[in-house]
Amino acid sequence: MPVHRVHPDVSVLSDSLEVPGIGHIPANAFVLHAAQPVVVDTGLGLPDRDFLRTLSTALDPADVRWIWLTHPDRDHTGGIFALLDAAPQARVVTTFVGAGIMSTEHPLPMDRIFLLNPGQSLDVGDRTLTAFRPPLFDNPATVGFFDDRTGVCFSSDCFGGPMPSAELAEGPDARDLAPEGLHDAQVFWASVDSVWLENVDARKFQDSWQLLRERAPELVLSTHLPAASGITGRMIDTLSAVAGLAPFVGPDQAALEQLLAGFEPAGSP
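Residue numbers (the UniProt record's numbering): 1 to 269.
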């Protein structure tokens, strides 16, 4: 897991997962180097990942004061309990729904939770973090935020896009992919991650991007995209036009059996 310092106040803990037929999906976590340090999401929950070891190259885990859980999907919670053990003063920023979803498998300790809804703010010592619901999401508990000191936007799954290689997926800059490639990747990811798009009202969906247009963050940090600097307007233009997008439909059982048959050793019955 490479670590990229993409802003004086932000480190990206980069990872990715290859999904056949989709590509290499970035799976980032972040460190906001605030007066009260904030870790945003905690990576994949795979046995060969060591989130704390990677985090320690950017920050002593014991110094973490806040763990902002953008939503409780497994690709965002991999290291959360190890980090809670290593950071005794840290609290998890989530929503009532987010805490509830976590409770169905491994409950968060109630005295370590800080509930925050979209539109509310959190003071982390030298800056204020303002929560918002990104226009694209796959989980009802999703809450991103704006860093009101730097203007950086942490967008959770929104703005994501699979990359053609692990090197690009774990790289420091989304602009390393050609503009047309990035456009197609983000539209495709919207069809995978936000399958409800085919049923939305186009005008209301356009309106949901207004806050991002007004804030106009120079740097957007998505869990599923390398850091995106200087292209926010272009990305908003791409994704605000996807109302009515047909959802991705993956392979069915017959396709899976055909794929598996191709792996059978020669001479098998």
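Ideal Cβ positions, reconstructed from N, Cα and C, are used throughout, including at glycine.
With respect to the C-alpha of PRO226, the residue from PRO172, LEU259, HIS183 having the closest C-alpha is PRO172. When the alpha-carbon of HIS224 is set against those of ILE231, THR238, ASP193, ARG203, the nearest one is in ASP193. Buried is the label assigned to MET102, since at least 16 other Cβ atoms lie within 10 Å of its Cβ. Uninterrupted alpha helix (DSSP H) stretches at least 4 residues long and entirely within the region 81-142 occur at 96-102, given in chain order.
Considering only SER191, LEU245, ASP252, THR150, the residue with the shortest C-alpha distance to SER229 is THR150. Of all C-beta pairs linking the region 130-137 to the region 103-113, fewer than three are shorter than 8 Å, placing the two stretches out of contact.
For ILE236, the secondary structure class from DSSP, reduced to helix, strand or coil, is helix. Taken atom to atom, the span from the alpha-carbon of ASP148 to that of LEU221 is near 14 Å.
For SER121, the number of other beta carbons within 10 angstroms of its own is below 16, and it is reported as exposed. Taking C-beta separations shorter than 7 Å and ignoring five residues to either side along the sequence, the partners of ALA86 in its chain run LEU52, PRO61, ALA62, following chain order.
If you draw a 10 Å sphere on the C-beta of VAL249, you find fewer than 16 other C-beta atoms in it, and that means exposed. Per DSSP, reduced to three states, the secondary structure at VAL200 is coil, with no helix or strand assignment. Residue nearest to ALA169 within the set ASN117, HIS24, HIS71 is HIS24 (criterion: CA-CA distance). Burial of VAL12 is indicated by the presence of at least 16 other C-beta atoms within 10 angstroms of its C-beta. Collapsing the DSSP output to three states places GLY181 in a helix. Here ASP41 is buried: its Cβ has 16 or more other Cβ atoms, across all protein chains shown, within 10 Å.
Looking only at PRO251, LEU69, VAL93, SER155, the smallest Cα-Cα distance to ARG215 is reached by SER155. Taking the Cβ atoms as the reference, ALA35 lies roughly 4 Å from ASP126, within the contact range of under 8 Å. The three-state reading of DSSP puts PRO26 in strand, counting E and B together. Under a 10 Å Cβ-count criterion, HIS106 is classified as exposed, with fewer than 16 other Cβ atoms of the shown protein chains found around its own Cβ. Annotation: THR77 to ALA29 spans about 10 Å, alpha carbon to alpha carbon. Pairing VAL200 with ALA243 gives a Cβ-Cβ distance under 8 Å. With respect to the C-alpha of LEU115, the residue from THR94, ASP123, PRO134, THR104 having the closest C-alpha is THR94.
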